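Asker:
Protein chains: 2
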Amino acid sequence: MAKEKNFVESITDMEVDFPQWYTDVVKKADLIDYSSIKGCMIIRPYGYAIWELIQKQLDEKFKETGHENVYMPMFIPESLLQKEKDHVEGFAPEVAWVTHGGENELPERLCVRPTSETLFCDHYKNIIQSYRDLPKLYNQWCSVVRWEKTTRPFLRTTEFLWQEGHTAHATAEESQEETIKMLNVYADFCTNVLSIPVVKGEKTAKERFAGAKNTYTIESLMHDGKALQSGTSHNFGDGFAKAFGIQYTDKENKLQYVHQTSWGMTTRLIGAIIMVHGDNSGLVLPPLVAPIQLVIIPIAQKKAGVLEKASELKERLGKVARVKLDDTDKSPGWKFSEYEMKGVPVRLEVGPKDIENNQVVLVRRDTGEKTVVSMDNLEESVTALLKDIQSNLLNKATERRDENTNVATNLEEFEKILNEKSGFVKAMWCGDRACEDKIKELTSATSRCIPFEQEELSDTCVCCGEKAKHMVYWGKAY
Amino acid sequence: MAKEKNFVESITDMEVDFPQWYTDVVKKADLIDYSSIKGCMIIRPYGYAIWELIQKQLDEKFKETGHENVYMPMFIPESLLQKEKDHVEGFAPEVAWVTHGGENELPERLCVRPTSETLFCDHYKNIIQSYRDLPKLYNQWCSVVRWEKTTRPFLRTTEFLWQEGHTAHATAEESQEETIKMLNVYADFCTNVLSIPVVKGEKTAKERFAGAKNTYTIESLMHDGKALQSGTSHNFGDGFAKAFGIQYTDKENKLQYVHQTSWGMTTRLIGAIIMVHGDNSGLVLPPLVAPIQLVIIPIAQKKAGVLEKASELKERLGKVARVKLDDTDKSPGWKFSEYEMKGVPVRLEVGPKDIENNQVVLVRRDTGEKTVVSMDNLEESVTALLKDIQSNLLNKATERRDENTNVATNLEEFEKILNEKSGFVKAMWCGDRACEDKIKELTSATSRCIPFEQEELSDTCVCCGEKAKHMVYWGKAY
């Protein structure tokens, strides 16, 4: 038998050392490799295939909602980045600067885009003249660079892949509507495609995007009780339009400023999938983003007829799912572990006895449950099983999230929750930045969002005891 | 009526000033906008939609031939770029250098990738150990940067979008086979999807890719008689493997170097489409890469029933083609010009009289031919028409290419052809670099390729009169 990779070695226990478990999974599931550039990862075929599935399904949603894709340059001249005051303050400290082109020093430094608001504004100024040119609903798929001090694969990398939507509208109402619409697209995508439940809400002023009037977010909870900001949608009002002079002539022939939004999701979503669904056998993928939805493992494959039957099943099931047949000479046990590590939703085992009985064994990755099913209507069984796994993963994640969401009405409770159980803390807040800062200092938790679904937990701020304005989700965050 | 853009203004005559015609088309067909970064263009929605269609169809071919997509960092440390001597000499003079991350100077300069051989090699060294790990058939979709002195939209830009395939094989035979296989994928794609005929062949040593053992190319001929290198495929042998130490253990347990290839196609293909098929009314798109394959223009659209019928047709035809209905209040004449400029393959006109007669008018963009067809089997008519346009464009381009391909047996003929008619010149060559240099000096033509289909035009080199080794295609090139 072949020399087998030590792939089936057990990974670190997630309850013992969650960060190490995470690192083990991204490496052993062949999602990434480290590169020789600090903080930049290599996304390997299996990891990239997950991203392609995310991209395809998100892109369809963007197009259904009337958006068009464009491509902007990857460089931003320093003077352009500086046009909007808050924006440059937020981003300048973390950009990469290009100073030389070939042998020559450039007359002006260019930064590698950390985000492209300034480029879109510069373009919109050229192409928007009349109300007839509005709205502009653009999106871009690309990579961006932010010079991060500490990095982790998918969660925080110097370069990452993302999409950034940038839109321009005639009125404040329209830009607000767009901002919320795209937040809902994100929330639906996480829930229905990634099986990740999210809390929708608004960021506090402290946590707002640099230059935004309002920032909305979807927040999810990882297995270790930490929160992950999974997508954001910003309403800029007319702030950028004023800084860049983006004006249009309205129906009464008056000059008006446009109102803008932007919204983005990144390869960080792959980190969320790992940390929400993964277990001590490795990755667990929701079927809708699984590059392989079902793997066929022949048992006693040297026996007559086994490989033929396995190929026949691959052919049949390939019409309803993404199927791989592993007929290499590795042992079935090794293969079981490998595809568990890779999070393949369903394993199909077929051997001589199964063939005799016109049956196969299906094993679910999410529960480990084995069922023996007839070969006759296998297409239906597999389709139903994948659907069930997709929704079971959402249910499990929602239960875990809810179990790890607790209410605090004073600071002692707040600290106790985060020390003992971690997770989300729901607590009332007066609206003052000082209380946010104090909570962070005491507990290292930040405000995750002011959720759209408000609850009156008490009348007073969990920190200062003054009159409460909002119920807020708090948590330690990635 | 609305104030109409001056979109229908005639563009520059292509026979009078081809470069200006080209610039007019890319702007007026809304393919690009200029950006404030020298040499970088903005690809607008209509241009990007063409790229998405190219990408989708090429990517399918790559996957069918067993390739997997990955994503490498956009930065290359200077020391990594320098590992292969010829490669760094070829690229270092034209890269953009990042020297600062945030506030700090970097310990080592990073260049923005001009191509990613060095990154793939660095990764392959980590992941290839045994013959079982081979072949590696990877591809990447991304943008690259080359600091160009003179730039033109799509044809030569500082940043451009492309795909770069990078593969590693056990033997020299396998890497050679892969190199040719991918050249053939490119040639088929140009011929069958873009309707652009190509000459397949090998580059001379002078025109080889920096670091390659052999470079193969597909060359196409533009409307102005200039050649365009449309795709290249390189066999590196084990040169990079030796520079980077990429070794594997073979079946006899001996250490061997891998053999590598790379191959790429870029947004330049959009420039080729414009310059091969375009005319004095603007862009002409082959149906397979047309974002809109058929545009419906209602005539007398305020008359009862016209818009209803137009919508009904859109619904029906939307099932067999990419269809747009333009029911804006602009005049039909204006719309005709606009969609001609945008190169939409088929225009469908429907007015009250047509409805009365259960017919529509179909107008082909490639020939201007109008036909009246019954509404009854419109799906079939449109499908057949699109197919016919696709092949007619190829036939026309092939005829034009052949008409503009001439034979020279001495330097006087060579110069005469390029002065009077331009186009490809077929001529024999001794194999000496000195003759290539002399021809370039005299005529500004370069060797385009040593075609696979060789012809014996004479026994002697067109330049020096010594014994000829190869028949070569020559031409002035973009």
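Protein sequence lines correspond, in order, to chains A and B. When we follow the working numbering, the leftmost residue of the first sequence carries the number 3, and every step to the right adds one. When we follow the working numbering, the leftmost residue of the second sequence carries the number 3, and every step to the right adds one. The C-beta atom is built at its ideal place from N, Cα and C for all residues, glycine as well. It should be emphasised that the depicted structure is a prediction, and the values quoted were computed from it without experimental measurement.
Which residue comes first and which comes last in the beta strand (DSSP E) that contains M16(B)?
Answerer: Taken as a continuous stretch (DSSP letters only), M16(B) belongs to no beta strand (DSSP E), as it is neither H nor E.
Asker: Could you tell me which uninterrupted alpha helix (DSSP H) segments, each at least 4 residues in length, are contained entirely in the stretch 105-143 of chain A, listed from first to last along the chain?
Answerer: DSSP runs (the alpha helix (DSSP H)) wholly in the stretch 105-143 of chain A: 119-129.
Asker: May I have the straight-line CA-CA distance separating E6(A) from C123(A), to the nearest angstrom?
Answerer: Residue placement at E6(A) is flagged as unreliable, the pLDDT there being 44, under the threshold of 50; the coordinate-derived value follows with that caveat. E6(A) and C123(A): Cα-Cα distance of roughly 54 Å.
Asker: Can you round the beta-carbon distance between Q59(B) and F238(B) to whole angstroms, since I take them to be within the 8 Å contact cut?
Answerer: Their Cβ separation, rounded to whole angstroms, is 27 Å, which puts Q59(B) and F238(B) out of contact at 8 Å.
Asker: Assuming G233(B) and P453(B) are in contact, meaning their beta carbons sit under 8 Å apart, how far apart are those beta carbons, in whole angstroms?
Answerer: About 15 Å separates the two Cβ atoms, so there is no contact after all.
Asker: Using 8 Å as the limit for Cβ to Cβ distance, is P79(A) near chain B?
Answerer: Closer than 8 Å to some Cβ of chain B, the Cβ of P79(A) qualifies, so yes.
Asker: State the Cα-Cα distance for the pair A207(A) and T448(A), rounded to the nearest angstrom.
Answerer: Going by the C-alpha atoms only, they are around 12 Å apart.
Asker: Using three-state DSSP, classify A214(B) as helix, strand or coil.
Answerer: DSSP places A214(B) in coil when its eight states are reduced to three.
Asker: Three or more C-beta pairs under 8 Å: does that hold for the stretch 377-387 of chain B against the stretch 318-330 of chain B?
Answerer: The stretch 377-387 of chain B vs the stretch 318-330 of chain B: in contact.
Asker: Go through its chain and collect everything with a Cβ distance to E91(A)'s Cβ below 8 Å, but skip five positions before and after it.
Answerer: Same-chain partners within the cutoff: A212.
Asker: Looking at the strands, I want to know which residues DSSP matches up with R270(A).
Answerer: DSSP output for R270(A) lists no bridge partner at all.
Asker: With V375(B) and V297(B) assumed to form a contact (beta carbons below 8 Å), what rounded beta-carbon distance in angstroms separates them?
Answerer: Actually they do not touch by this definition, with Cβ atoms about 16 Å apart.
Asker: Just checking, does the stretch 259-270 of chain A make contact with the stretch 285-305 of chain A on the three C-beta pairs under 8 Å criterion?
Answerer: Verdict: no, contact absent.
Asker: Using a Cβ-Cβ cut-off of less than 7 Å, give me the residues of the stretch 33-45 of chain A that come near chain B, in sequence order.
Answerer: Listed by position, the residues of the stretch 33-45 of chain A near chain B (Cβ gap below 7 Å) are D35, S37, S38, I39, C42, I44 and I45.
Asker: For the beta strand (DSSP E) containing G1(B), list its first residue and its last residue.
Answerer: What the structure shows of chain B is the stretch from 3 to 480, and residue 1(B) is not part of that stretch, so it cannot be assessed.
Asker: Any beta carbon from chain A within less than 8 Å of V100(B)'s own beta carbon?
Answerer: Output row for V100(B): interface = yes.
Asker: For M43(B), write down the residues that DSSP places opposite it in a beta bridge.
Answerer: Per DSSP, Y36(B).
Asker: My output table needs one value for K372(B): the three-state DSSP class, helix, strand or coil.
Answerer: DSSP places K372(B) in strand when its eight states are reduced to three.
Asker: With C-beta atoms as the reference, is Q178(B) less than 8 Å away from M74(B)?
Answerer: Cβ distance not < 8 Å, so Q178(B) and M74(B) don't count as in contact.
Asker: Which residues in the same chain as L257(A) place their Cβ atom closer than 8 Å to its Cβ, once the five residues preceding and following it in sequence are excluded?
Answerer: Same-chain partners within the cutoff: Q249, Y250 and T251.
Asker: Considering only the alpha carbon of each residue, which of F416(A), N106(A), K478(A) and Y140(A) lies closest to Q262(A)?
Answerer: The option with the nearest alpha carbon to Q262(A) is Y140(A).
Asker: Run through DSSP, which three-state label would N71(A) get?
Answerer: In this structure, N71(A) counts as strand in the three-state DSSP scheme.
Asker: Compute the beta-carbon to beta-carbon distance between C451(B) and T219(B), rounded to the nearest angstrom, for a pair I have assumed lies under 8 Å.
Answerer: With 8 Å as the limit, C451(B) and T219(B) qualify as a contact, their Cβ atoms being about 5 Å apart.
Asker: Spell out the partners DSSP gives K326(B) in its beta bridges.
Answerer: According to DSSP, which records beta bridges pairwise, K326(B) is partnered with V297(B).
Asker: Identify whether S446(B) lies in helix, strand or coil by the three-state DSSP scheme.
Answerer: Residue state, collapsed to three classes: coil.
Asker: Any beta carbon from chain A within less than 8 Å of M74(B)'s own beta carbon?
Answerer: Cβ-Cβ to chain A under 8 Å: yes for M74(B).
Asker: Does L82(A) come within less than 8 Å of chain B when only Cβ atoms are used?
Answerer: Interface residue, yes.
Asker: Could you list the residues in the stretch 124-147 of chain A with a C-beta less than 8 Å from some C-beta on chain B, going in chain order?
Answerer: Of all residues in the stretch 124-147 of chain A, D124, H125, N128, I129, S132, R134, Y140, C144, S145 and V147 have a Cβ within less than 8 Å of some Cβ in chain B.
Asker: Is M76(B) closer than 8 Å to E455(A) when the C-beta atoms are compared?
Answerer: No, they are not a contact pair.
Asker: Can you name, in chain order, every residue of its own chain whose Cβ lies under 7 Å from the Cβ of T1(B), other than the five neighbours on each side?
Answerer: The structure shown does not extend to residue 1(B), since chain B is modelled only from 3 to 480, so the question has no answer here.
Asker: Kindly confirm or deny that the stretch 434-443 of chain A and the stretch 399-411 of chain A touch, where touching means at least three C-beta pairs closer than 8 Å.
Answerer: No, because fewer than three Cβ pairs between the stretch 434-443 of chain A and the stretch 399-411 of chain A fall closer than 8 Å, the two stretches do not touch.
Asker: Per DSSP, what kind of secondary structure is K337(A) in: helix, strand or coil?
Answerer: K337(A): helix per DSSP, three-state reduction.
Asker: Since E96(B) meets chain A, which of its residues come closer than 7 Å, beta carbon to beta carbon?
Answerer: By Cβ distance, chain A contributes G104.
Asker: Nearest-angstrom Cα distance between A470(A) and D281(A)?
Answerer: Answer to the nearest angstrom: the Cα atoms are 39 Å apart.
Asker: Going along the chain, which residues of its own chain have a beta-carbon closer than 7 Å to the beta-carbon of Y259(B), five neighbours each way excluded?
Answerer: Excluding sequence neighbours, Y259(B) sits near D240, A243, K244, I248 and Q249.
Asker: What in chain B is Cβ-close to W149(A), meaning under 7 Å?
Answerer: Residues of chain B passing the Cβ test: G103 and G104.
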